[in-house]
Amino acid sequence: MVKKPAARKVIGYLLLVVLLGAFAFLAWGKLAAFFCNRGNYYFEQMDYQKAAASYKNSIRMDPGSWMAHLGLADVYRESGDYQGAAREYKKVLSINPLYARAYDSLAHVYYEEANYEEALKVLLQGQKGIPSDQKLIESFKSCCYAYLADALNKSTELFLAKKSGEAILLLENLFVSCPGNALAYYTLGYYYLADGDYDKAEIYLNKSLGIDPQFNQAYKLLSDIYLYKRDMDKSLFYAQKTVSLDASDPAALNDLGLLLMRLERYSEAIPYLERAVSLAPENADYVYSLASVYRDNKMSAQALEGYRKLGALKNDYPNMHNDIADIYIVLGKPDQALSEYRQEIKYSGEKLEKFPADPVLLNNYAYALNGIGGSVKAQQIVEGLVLAYPRYRQAYLTLSKIYEKMNKNDLALKSLEKAKQLSSGESFIDDEISRFKTKRP
Numbered sequence: 015m016v017k018k019p020a021a022r023k024v025i026g027y028l029l030l031v032v033l034l035g036a037f038a039f040l041a042w043g044k045l046a047a048f049f050c051n052r053g054n055y056y057f058e059q060m061d062y063q064k065a066a067a068s069y070k071n072s073i074r075m076d077p078g079s080w081m082a083h084l085g086l087a088d089v090y091r092e093s094g095d096y097q098g099a100a101r102e103y104k105k106v107l108s109i110n111p112l113y114a115r116a117y118d119s120l121a122h123v124y125y126e127e128a129n130y131e132e133a134l135k136v137l138l139q140g141q142k143g144i145p146s147d148q149k150l151i152e153s154f155k156s157c158c159y160a161y162l163a164d165a166l167n168k169s170t171e172l173f174l175a176k177k178s179g180e181a182i183l184l185l186e187n188l189f190v191s192c193p194g195n196a197l198a199y200y201t202l203g204y205y206y207l208a209d210g211d212y213d214k215a216e217i218y219l220n221k222s223l224g225i226d227p228q229f230n231q232a233y234k235l236l237s238d239i240y241l242y243k244r245d246m247d248k249s250l251f252y253a254q255k256t257v258s259l260d261a262s263d264p265a266a267l268n269d270l271g272l273l274l275m276r277l278e279r280y281s282e283a284i285p286y287l288e289r290a291v292s293l294a295p296e297n298a299d300y301v302y303s304l305a306s307v308y309r310d311n312k313m314s315a316q317a318l319e320g321y322r323k324l325g326a327l328k329n330d331y332p333n334m335h336n337d338i339a340d341i342y343i344v345l346g347k348p349d350q351a352l353s354e355y356r357q358e359i360k361y362s363g364e365k366l367e368k369f370p371a372d373p374v375l376l377n378n379y380a381y382a383l384n385g386i387g388g389s390v391k392a393q394q395i396v397e398g399l400v401l402a403y404p405r406y407r408q409a410y411l412t413l414s415k416i417y418e419k420m421n422k423n424d425l426a427l428k429s430l431e432k433a434k435q436l437s438s439g440e441s442f443i444d445d446e447i448s449r450f451k452t453k454r455p
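Remember, this note's numbering sits 14 above the position in the sequence shown when you count from 1.
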């Protein structure tokens, strides 16, 4: 049996050990806090080496000190050690998962490395736990904006490098994390249009307009889509909408005028094309469009004056001399027509030396050859052309002219009927078909 005085001594020793342990624990905690505060002081003085050492001492004494981990993370971030910063911010969040600044700072680390997807994941995770934090909401918006800008730049580079599939995928992945803006949806619509997927292009262009109903370039592309789909009413509607939003845009005016020309509504097209030329008198394409609508509207004098202005700007403009020659044929001036056909042969021939397979140049060249009596060679060129490009409507129209000159009226009629299949209802082709049918015995 232990005597009472001895028992009292044992109890006393035990109490002393407990008290010393408690004192050591409290002192150790205070020491950890001291080093953390010391780290904060050095951090403010931008002495990051001493700050890091102090925070590490604090963590060594108290691994659960999220404030010390936060300070060390900030040191790493300021020193450019983003990997170390990310590691420490994650430790902060493992200890204190509702600390908003840690989410924001960790996201900023990824943002600095242009790792926008990871940054957005962190911010979304933070918003789940702290949905009302305005800083996290604003940071998410800013990160999305930067991600959009980066994705648009990279996708443009891919698209210009003829990697449209990769450009499309890049933007589609973007919309998984961020809501799109009008420009991003428009760009994706443009890529799909260039890739020949008109339905998806239409979807994204309408999304663009849902965000910005005044985005006239989106209306312009929708007009193009419906033109490709041969829905002329909708194409015209969107072309008119584009002009209504900006009546000072010569490109939009020219496009609307050309569409009206295609519908053979020449008198309606003329004011738009005249306006386009008045706004951009040095633009050869606009001058050509205006001269052409005068020609189609049987305004020969105005057409010749327009082509004269075009010649002053660009005397080798594609097909210009063929157009002038056709006017001279109508006016009963064959010698002047021959001179123009020869000019077209000269300029097209020079360009074909550089681009021997260009279908437009080949068609223009063959048309002019036929005009000066070289129908056999012209026939060979255009028959090869329609084999290579079976949907090239203009080539069939040229071929019909060649066959007619060679008195092959049945073949001329077949060429016109093929051109008709590829057209959007232009009545001049119907008139030509009727003319050939009346020639039949």
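Even glycine gets a Cβ: it sits at the ideal position worked out from N, Cα and C.
Going by DSSP, Tyr218 is part of the alpha helix (DSSP H) stretching over Tyr212 to Ile225. Of all C-beta pairs linking the segment 369 to 379 to the segment 348 to 356, fewer than three are shorter than 8 Å, placing the two stretches out of contact. Within the segment 307 to 380, the complete alpha helix (DSSP H) segments at least 4 residues long are 314 to 327, 334 to 344 and 348 to 368, listed from N- to C-terminus. By the C-beta density criterion, Tyr242 is exposed, having fewer than 16 other C-beta atoms within 10 angstroms. Inter-residue distance for Lys428 and Ile447 is about 9 Å (C-alpha atoms, whole angstroms). A distance below 7 Å separates the beta carbons of Tyr117 and Val136. For secondary structure counted as the alpha helix (DSSP H) over 4 or more consecutive residues, the segment 262 to 315 holds these complete runs in sequence order: 264 to 276, 280 to 293 and 298 to 310. Each of Asp263, Leu274 and Ile225 was checked against the Cα of Asp247, and the nearest Cα belongs to Leu274.
Secondary structure of Gln59 (DSSP, three-state): coil. Contact between the segment 336 to 344 and the segment 391 to 399 is absent, with fewer than three C-beta pairs closer than 8 Å. Look at Glu127 here: in three-state DSSP terms it is coil, with no helix or strand label. The beta carbon of Ile225 lies closer than 8 Å to those of Gly194, Asn195, Ala196 and Tyr199 in the same chain, with the five residues before and after it left out. Here the segment 265 to 272 lies against the segment 285 to 299, with 3 or more beta-carbon pairs under 8 Å apart. With fewer than 16 other Cβ atoms from the protein chains shown falling within 10 Å of its own Cβ, Tyr159 counts as exposed. Counting every other CB atom within 10 Å of its CB across the protein chains shown gives Thr452 a total below 16, marking it as exposed. Distances from the alpha-carbon of Phe189 to those of Arg322, Gln254 and Leu202 put Leu202 closest.
Contact between the segment 246 to 264 and the segment 230 to 238 is present: three or more C-beta pairs spanning the two stretches fall below 8 Å. Proximity to Glu102 across Leu219, Val89 and Asn333 peaks at Val89, based on C-alpha coordinates.
Distance from Asn71 to Phe49 at the Cβ level is roughly 4 Å; contact confirmed, criterion being Cβ atoms closer than 8 Å.
In this structure, Glu180 keeps its C-beta atom at 7 Å or more from the C-beta atom of Leu174. In this structure, Ile239 sits away from Ala208, with a CB-CB distance that is not shorter than 7 Å.
Less than 7 Å separates the beta-carbon of His83 from that of Lys105.
Looking at Gly94, Asn51, Ala165 and Ala46, the one whose alpha-carbon comes closest to that of Gly78 is Ala46. Here the alpha carbon of Glu418 sits roughly 14 Å from the alpha carbon of Ala409. Around Gln316, the same chain offers Tyr308 as residues with beta carbons nearer than 7 Å, after the five sequence neighbours per side are excluded.
DSSP, read as helix, strand or coil, puts Asn423 in helix. Separation of Glu431 and Tyr212 (C-alpha to C-alpha, rounded to the nearest whole angstrom) is 27 Å.
Taking a 10 Å sphere around the C-beta of Gln63, we find fewer than 16 other C-beta atoms and assign the residue as exposed.
Between the alpha carbons of Tyr125 and Gln141 lies a gap of roughly 17 Å.
Between Glu131 and Ser191, the beta carbon gap of about 6 Å places them in contact (Cβ cut-off 8 Å). Taken through DSSP and simplified to helix, strand or coil, Ala175 comes out as coil.
Between Pro332 and Ala290, the C-beta spacing is not below 7 Å. Spanning the alpha carbons of Leu236 and Ala253 requires a straight line of approximately 8 Å.
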